[in-house]
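A.B. asks:
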Amino acid sequence: MGHPPLEFSDCYLDSPEFRESLKCYEIELDRTSKSLKELIKDGNSVINAINGYSVAVQKFSQTLSTFQFDFIGDSLTDDEINIAESFQEFAGLLQEVEHDRMMLVQNASDLLIKPLEKFRKEQIGVTKEKRKKFEKESEKYYSQLDKHLNLSAKKKESQLQEADELVDKERVNFYESSVEYVYQIHQVQDRKKFDVVEPVLAFLHSILTLNNLTVEMTQDFMPYKQELQLSLQNTRNHYESTREEMEELMKRMKHPSQISKMHSFLPMEGYLYCQEKWALGVSWVKYYCKYHKEGRLLVMTPCEQRPTTKQGPAQLTLKSCIRRKSDSIDKRFCFDVETVERNTPVTFQALSEGDRKLWMEAMDGKEPVRFFCLFLNEVGFKFVRKCINYVETKGKRTLCLFIHPCLDSTHPGDVDLYSSDWDIKTITSALKFYLRCVGALLHIVFFFFPESDNLDFRLSEIHSLTYKLPEKNREMLEMLIKHLVNVCSHSNENLMSPSNMGVIFGPTLMRAKEDTVAAMLDIKFQNIVVEILIEDYKKVQTQSQRTAPSHLSLPPESPQESGSPSQSPSGRLAFFKHSVLTTSIEQRVIISISWALDTCFFCP
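28 is the number that the UniProt record's numbering gives to position 28 of the sequence shown; each next residue is one higher, with no gaps.
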């Protein structure tokens, strides 16, 4: 309920009701003054809090921008590159938001605090001054009036006339102060409606404008956020796909039998003869060699000094060590060492067969690889076709259909999948188990280490490498990928997207030569290759076959190493393994192709 209006005419009457109304306005004025004081205090607290928050966020963004991700391995996938750059993106977004927030903080005092303080000082303060003047004049007037009324009528006329003039003067001063006070009360009551609300409105408008800008920035940030979430999910899937295998590798490495096989880091040393080629022939020079396993450093001290020059120790950094075949050199106990410093392998001769074994063990030496080029037989094709036909006929819409324990069988080619009520996931597990345990399909490992994100270049390389496969292997690959494309077309029902298929079939179709931590971490690249084969199946399969570059061509089959499946040792699996390393400014591609041929079976 509002206060009664104050009339200027009431100032002359100065009735008790007038005084009561003034008192109500004065109480309201005091309450308004106290509320404004609290509002200014809390406004300053809000501004200081916003400023402190902004400073903290800016410090946080600076920490994000300087944060560095260190990844394991020589190169990163596109997802890992996206994750590594995410903190810089976050920092940029936060800095942009906080820049606008600091502008708000800098203008907040002019928008909110100063106008409120000005109103409190100039309007309420002036009103209080008018009040003091009114009270003072009121007291003087009524005091003079009391004295005037107490004058005796017997006073002289001149004295009475002087007393009347003095009372009239005080009355005029009282009426003026009273009217001015009432006018000022009306002024402050009317002005506070806009002088107080407008600054608060302007402050809130600036906050809402900042929030609106933040919403717009959030909308602009959404595509990157979705892309980053996809990269995080893919990286999480890669982690889950390698964690179990890495745990198994760790358990094997902790086994006492494995520990006993591990070499100590103590240097291996002794005498070796090194083959040195000259313009007029070949000579064998005796060296005292010391191999430091930790740094893979071989220090060679010559034992026979040349008369003209004095040779110091030579140092070689090892890359690999391979036993030399006895039929490839006329010396016994030889092995080849590839080094960083020399372009051609260095051939050493040990003192005995036992001495050569010790040197090769210290250098992590390997046996020479024999190359076989055989063909997939019809038994494996028969089993794979049956599995694919069954899945596409009865269960390609099944949820997560490629996730299930494996099936054990000894004659996969003769299994009648339609003769009993087979579970669809058992069939898909049998297919995966067959491809993994038998190795009957092909194992292609494309390790991409791009310095650019040219997807067309990657697709072109995969297309070229696919057509360098033998015909049977390419036929099996086309049959499997075509099936996976068909299954992925129903990913909205079975959740088998190309990315998930890559996680499932990457480790299944692709193998490293050794089970190492580095090989486990490279599974992410295998997954990417399978994903590309599925997503760009038509481009890879329908393009005309291109002639592969010379550095990607397969080695010719040697007559002594070719043969039918029946000639393979023990009638077991024979593998063709070929590694090609190409380096350029744009990329490094490692291809490891292996396939098994003469028989197909399931491991019990």
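Heads up, the beta-carbon is just placed ideally off N, CA and C, and yes, glycines get one too.
Can you confirm whether the region 116-128 touches the region 194-211 when touching is taken to mean that 3 or more C-beta pairs between the two stretches lie within less than 8 Å?
C.D. replies: A contact exists between the region 194-211 and the region 116-128.
A.B. asks: By the three-class DSSP mapping on this structure, what secondary structure does residue 430 have?
C.D. replies: Correct three-state label for residue 430: helix.
A.B. asks: At a cut-off of 6 Å, would you count residue 237 as near the ligand PLP, judging by its Cβ distance to the nearest heavy atom?
C.D. replies: Absent from the structure shown: the ligand PLP. Ligands present: none.
A.B. asks: Between the alpha carbons of residue 320 and residue 334, how many angstroms are there, rounded?
C.D. replies: Using only the alpha carbons, I get a separation of about 14 Å.
A.B. asks: Do you know how far the Cα of residue 143 is from the Cα of residue 149?
C.D. replies: Whole-angstrom Cα-Cα distance: 10 Å.
A.B. asks: Looking at the secondary structure, which residues open and close the beta strand (DSSP E) in which residue 270 lies?
C.D. replies: 268-278 is the extent of the beta strand (DSSP E) around residue 270.
A.B. asks: Rounded to whole angstroms, what's the CA-CA distance from residue 103 to residue 500? Just pull it up for me.
C.D. replies: Spanning the two alpha carbons is a distance of roughly 47 Å.
A.B. asks: Which residue or residues does DSSP assign as beta-bridge partners of residue 290?
C.D. replies: According to DSSP, residue 290 bridges with 269 and 299.
A.B. asks: When the distance is taken between beta carbons, is residue 492 closer than 7 Å to residue 647?
C.D. replies: Because the chain in this structure spans residues 1 to 604, residue 647 falls outside the shown range and cannot be described.
A.B. asks: I'd like the span of the alpha helix (DSSP H) that includes residue 192, first residue to last.
C.D. replies: First-last of the alpha helix (DSSP H) with residue 192: 157-195.
A.B. asks: So, with DSSP's three-state summary, where would you put residue 347?
C.D. replies: Residue state, collapsed to three classes: strand.
A.B. asks: For residue 503, which residues in the same chain have their Cβ closer than 6 Å to its Cβ, ignoring the five residues on either side in sequence?
C.D. replies: Taken in chain order, the residues that qualify are 237, 241 and 527.
A.B. asks: Under a Cβ-count criterion, where at least 16 other Cβ atoms within 10 Å of its own Cβ denotes burial, should residue 506 be classed as buried or exposed?
C.D. replies: By the neighbour-count rule (16 or more Cβ atoms within 10 Å), residue 506 is buried.
A.B. asks: Could you check the C-alpha separation between residue 452 and residue 301 for me, to the nearest Å?
C.D. replies: Note that residue 452 has pLDDT 45, beneath the 50 cutoff, so the model's placement of it is unreliable and no number is given.
A.B. asks: Quick one: Cα of residue 243 to Cα of residue 87, how far?
C.D. replies: Taking the straight line from one Cα to the other gives about 26 Å.
A.B. asks: Could you pull the DSSP bridge partners for residue 318 from this structure?
C.D. replies: Looking at the DSSP assignment, residue 318 forms a beta bridge with 339.
A.B. asks: Quick one: residues in its chain with C-beta nearer than 7 Å to the C-beta of residue 214, no 5 flanking neighbours on either side, listed in chain order?
C.D. replies: The residues are 97.
A.B. asks: Within 10 angstroms of the Cβ of residue 524, are there 16 or more other Cβ atoms? Answer buried if so, exposed if not.
C.D. replies: With 16 or more other Cβ atoms within 10 Å, it is buried.
A.B. asks: Closest to residue 108 by C-alpha separation, out of 284, 349 and 207, would be which residue?
C.D. replies: It is 207 whose Cα lies nearest to the Cα of residue 108.
A.B. asks: Would you tell me roughly how many angstroms separate the C-alpha atoms of residue 471 and residue 478, rounded to the nearest one?
C.D. replies: Each residue's Cα considered, the two are about 10 Å apart.
A.B. asks: Cutting at 7 Å between CB atoms, please list the residues of its own chain near residue 221, excluding the five before and the five after it.
C.D. replies: The answer, listed in chain order, is 93.
A.B. asks: Provide the residue span of the alpha helix (DSSP H) that contains residue 382, from first to last.
C.D. replies: Element bounds for residue 382: 378-394.
A.B. asks: Can residue 290 and residue 276 be called in contact, C-beta distance under 7 Å?
C.D. replies: No, the Cβ-Cβ distance between residue 290 and residue 276 is not below 7 Å.
A.B. asks: Apart from the five residues on each side of it in sequence, which residues of its chain come closer than 6 Å, Cβ to Cβ, to residue 202?
C.D. replies: Excluding residues within five positions, the ones whose Cβ falls inside 6 Å are 111.
A.B. asks: Is there contact here, the region 384-392 with the region 340-358, by at least three beta-carbon pairs under 8 Å?
C.D. replies: Touching, no, given that fewer than three Cβ pairs across the two stretches are closer than 8 Å.
A.B. asks: Can you tell me the Cβ-Cβ gap for residue 274 and residue 287, rounded? I've got them flagged as a contact below 8 Å.
C.D. replies: Yes, residue 274 and residue 287 are in contact; Cβ-Cβ is about 6 Å, under 8 Å.
A.B. asks: What's the gap between the Cα of residue 551 and the Cα of residue 53?
C.D. replies: Reliability of the predicted coordinates at residue 551 is poor, the pLDDT of 38 falling under 50, and the value obtained from them is presented with this limitation in mind. About 59 Å.
A.B. asks: Just reading off the alpha helix (DSSP H) that residue 63 is part of, what are its end residues?
C.D. replies: Residue 63 -> alpha helix (DSSP H) spans 16-66.
A.B. asks: At which residues does the alpha helix (DSSP H) containing residue 502 begin and terminate?
C.D. replies: Taken as a continuous stretch (DSSP letters only), the alpha helix (DSSP H) holding residue 502 covers 498-509.
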